[in-house]
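As given, the protein sequences belong to chains A and B, one line each in that order. So for the first sequence, the working numbering puts the first residue at 1; every next one is plus one. So for the second sequence, the working numbering puts the first residue at 60; every next one is plus one. The block underneath contains the structure these notes are about, expressed in structure tokens.
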Amino acid sequence: MADQLDDYINAVAAAMALPVEDAWRPAVRANLDVSLRLAKLVDDFPLPDETEAASIYSA
Amino acid sequence: MSDKIDGLSATDIAQAVSSRKLTALDAVEASLSRIASRDKILNSFTDVTAERARAKARAVDADIAAGKPVGPLAGVPFAVKNLFDVQDLSTRAGSKINRDLPPSTRDATLIERMEAAGAVLVGALNMGEYAYDFTGENVHDGPSRNPHDPTRMTGGSSGGSGSAVGGALVPIALGSDTNGSIRVPSSFCGIFGLKPTYGRLSRARSYPFVASLDHLGPFARSVKDLALAYDVMQGPDADDAACSTRPVEPTLSSLGEGIGNLRVAIAGGYFQKNVFPEATEAVARVAKALSATQTVELPEAARARAAAYIITTTEGASLHLDRLRKRPNDFDPAVRDRFIAGAMVPAPYVDKAQKFRRWYRAKVVELFKSVDVILAPATPCTAPKLGQVNFVLDGVELPVRANIGVHTQPISFIGLPVVAVPVPLEPMPIGVQIIAAPWREDIALRVAHALEQMGVAAAPTPRGL
Numbered sequence: 001m002a003d004q005l006d007d008y009i010n011a012v013a014a015a016m017a018l019p020v021e022d023a024w025r026p027a028v029r030a031n032l033d034v035s036l037r038l039a040k041l042v043d044d045f046p047l048p049d050e051t052e053a054a055s056i057y058s059a
Numbered sequence: 060m061s062d063k064i065d066g067l068s069a070t071d072i073a074q075a076v077s078s079r080k081l082t083a084l085d086a087v088e089a090s091l092s093r094i095a096s097r098d099k100i101l102n103s104f105t106d107v108t109a110e111r112a113r114a115k116a117r118a119v120d121a122d123i124a125a126g127k128p129v130g131p132l133a134g135v136p137f138a139v140k141n142l143f144d145v146q147d148l149s150t151r152a153g154s155k156i157n158r159d160l161p162p163s164t165r166d167a168t169l170i171e172r173m174e175a176a177g178a179v180l181v182g183a184l185n186m187g188e189y190a191y192d193f194t195g196e197n198v199h200d201g202p203s204r205n206p207h208d209p210t211r212m213t214g215g216s217s218g219g220s221g222s223a224v225g226g227a228l229v230p231i232a233l234g235s236d237t238n239g240s241i242r243v244p245s246s247f248c249g250i251f252g253l254k255p256t257y258g259r260l261s262r263a264r265s266y267p268f269v270a271s272l273d274h275l276g277p278f279a280r281s282v283k284d285l286a287l288a289y290d291v292m293q294g295p296d297a298d299d300a301a302c303s304t305r306p307v308e309p310t311l312s313s314l315g316e317g318i319g320n321l322r323v324a325i326a327g328g329y330f331q332k333n334v335f336p337e338a339t340e341a342v343a344r345v346a347k348a349l350s351a352t353q354t355v356e357l358p359e360a361a362r363a364r365a366a367a368y369i370i371t372t373t374e375g376a377s378l379h380l381d382r383l384r385k386r387p388n389d390f391d392p393a394v395r396d397r398f399i400a401g402a403m404v405p406a407p408y409v410d411k412a413q414k415f416r417r418w419y420r421a422k423v424v425e426l427f428k429s430v431d432v433i434l435a436p437a438t439p440c441t442a443p444k445l446g447q448v449n450f451v452l453d454g455v456e457l458p459v460r461a462n463i464g465v466h467t468q469p470i471s472f473i474g475l476p477v478v479a480v481p482v483p484l485e486p487m488p489i490g491v492q493i494i495a496a497p498w499r500e501d502i503a504l505r506v507a508h509a510l511e512q513m514g515v516a517a518a519p520t521p522r523g524l
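Now the structure itself:
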């Protein structure tokens, strides 16, 4: 899994033209690891398919 | 220090100026003098707009001399977090990069409304870079320092706002709160802070962080001053797409109505975990004073905090994507690394977080059918030491930064109005959140005022400045 996350960071950084210098990588990786863990917590919660997002927009 | 505003609240200053017992210029000079002496320690100001302030103060005094009406904040000095546009200043938002922006051509809406009520802007305040911060530390400008112990954090990201009001440099400051950035500095610096309902106060001409979570609001040393500032800043504004069209709903006149039949409950479960004894003690004191014994559970609060985190990191990354590519070395490295990671979170997770937000909002709003006010800690601890990385809680070492906002995030996530009230524990104060239903700032302020009247909540006098 560790290698997969490193591979993911390399791929996304390249695809988005985002710089990730070697010195920054451990911190970026640690932050992304926390984000993905918290995202999984949200993702695990079952919601009805019809649920609307809460973004702010009015036509 | 004794000067012409010594011991005076904003309300007192405005009354003294309006009745010609004090000139606006004298009030402003006293504030500028305090800034000159105390801010050597506190580092709360990044810009002092002395000449502008003197000109405005003279104009207020001239209006009074001419018998013209002046507003309810006549001659009251105030300052703003440096993400508010101030005419002729570049809006740095705590960053190095934004200093290259051209100077603003117009003040933020809230500054215009404060000054229309007679208040006098004296400067812009230190903050965490791009508001992505709970500590009040800043690598470019140095940390703002806690007025009760300068070796400690102010909390962030509105750290300068907390420090300037906590240190009595100004009686009122404005700040922003995306995940807790008004409530955390209020707690650590021992002052009152209001995070209004999402959409209540205009954010026009302030630098954004997370548009769907950003709020602006006031800090003060008393609830009356807080309500006074809040009332004059209310009202629709076409320049902020999220600003409500609701009319002004004044709160000052109802402050003294007391607790009455308000139903007050304590947030249980998630909000009673991961707290130091001082946070538990502060909530207990407030609950006792309000005769609150009922406990309510905000459902899935941990997931709410997680969803707020995901929306924050991804919207923030989106805002700064181009700067991350072009000027990565000009960011605070810790902020940069969080934004880069945020750019890499897959989009479906963000959509899921926004959908969860709607579900959670409906559940919490349902709770407010049976209660009027919910109490929760504002922070899990009193102000940590500057630079402190970890703290030990129940024998477990936890990162400070990530845990300071755990109790504020699930509340701002759905835009509920909150007054953070300071409980003056020794040696350091700590805040309690007075949380009300959407658009019921009046209730939160009433309860805060009652606590102040009972002596349970109070802004301690800064020591050693």
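Glycine is no exception: its CB is placed at the ideal position from the N, C-alpha and C atoms. On a predicted model such as this, the values are computed, not experimentally measured, just so you know.
{"Check": "Under 7 Å Cβ-Cβ, which residues of chain B neighbour Asn31(A)?", "Outcome": "Asp396, Arg397, Ala400"}
{"Check": "When the Cα of Ala366(B) is compared with those of Pro407(B), Ile250(B), Ile494(B), which residue comes out closest?", "Outcome": "Pro407(B)"}
{"Check": "Expressed to the nearest angstrom, what Euclidean distance is found between the alpha-carbon atoms of Ala133(B) and Glu485(B)?", "Outcome": "35 Å"}
{"Check": "Under 7 Å between C-beta atoms, does Tyr408(B) make it to chain A?", "Outcome": "yes"}
{"Check": "Since Pro255(B) and Thr213(B) are thought to touch, with beta carbons under 8 Å apart, how far apart are those beta carbons, to the nearest angstrom?", "Outcome": "The Cβ separation is near 21 Å, so there is no contact."}
{"Check": "Mind listing, in chain order, the continuous alpha helix (DSSP H) runs of no fewer than 4 residues lying wholly within the segment 237-294 of chain B?", "Outcome": "242-248, 282-292"}
{"Check": "Among the candidates Gly218(B), Thr108(B), Lys283(B), whose CA atom is the shortest distance from the CA of Ala507(B)?", "Outcome": "Lys283(B)"}
{"Check": "From the DSSP output, read off the bridge partner residues of Pro136(B).", "Outcome": "Val179(B)"}
{"Check": "For His274(B) and Asp6(A), what's the separation of their Cα atoms in angstroms?", "Outcome": "36 Å"}
{"Check": "Starting from the beta carbon of Asp43(A), find every residue of chain B whose beta carbon is closer than 7 Å, and list them in chain order.", "Outcome": "Tyr408, Lys411"}
{"Check": "Can you list the residues of chain A that Leu383(B) reaches, using a CB-CB cut of under 7 Å?", "Outcome": "Leu18"}
{"Check": "For Ala435(B) versus Pro481(B), is the C-beta distance shorter than 7 Å?", "Outcome": "no"}
{"Check": "Alpha helix (DSSP H) containing Glu374(B): first to last residue?", "Outcome": "360-385"}
{"Check": "Could you compute how far the alpha carbon of Tyr266(B) sits from the alpha carbon of Leu378(B)?", "Outcome": "11 Å"}
{"Check": "Quick check: the Cα distance between Asp122(B) and Ala341(B), rounded to an integer number of angstroms?", "Outcome": "45 Å"}
{"Check": "Alpha carbon to alpha carbon, how far is Arg151(B) from Leu160(B)?", "Outcome": "8 Å"}
{"Check": "In its own chain, which residues sit with a C-beta less than 7 Å from the C-beta of Arg364(B), not counting the 5 before and 5 after it?", "Outcome": "Val465, Gln468, Pro469"}
{"Check": "Mapping the DSSP letters down to three states, classify Lys444(B) as helix, strand or coil.", "Outcome": "strand"}
{"Check": "For the beta strand (DSSP E) holding Leu434(B), just list the boundary residues, first then last.", "Outcome": "432-436"}
{"Check": "Anything in the segment 331-359 of chain B with a Cβ closer than 9 Å to a Cβ of chain A? List those residues in chain order, please.", "Outcome": "Glu359"}
{"Check": "Pull up the distance between the alpha-carbon of Val451(B) and that of Pro443(B), whole angstroms please.", "Outcome": "12 Å"}
{"Check": "Does any CB atom of chain B fall closer than 7 Å to the CB of Leu61(A)?", "Outcome": "Because chain A is modelled from 1 through 59, residue 61(A) falls outside the range shown and cannot be assessed."}
{"Check": "With DSSP run on the structure shown, which of helix, strand or coil describes Ser220(B)?", "Outcome": "helix"}
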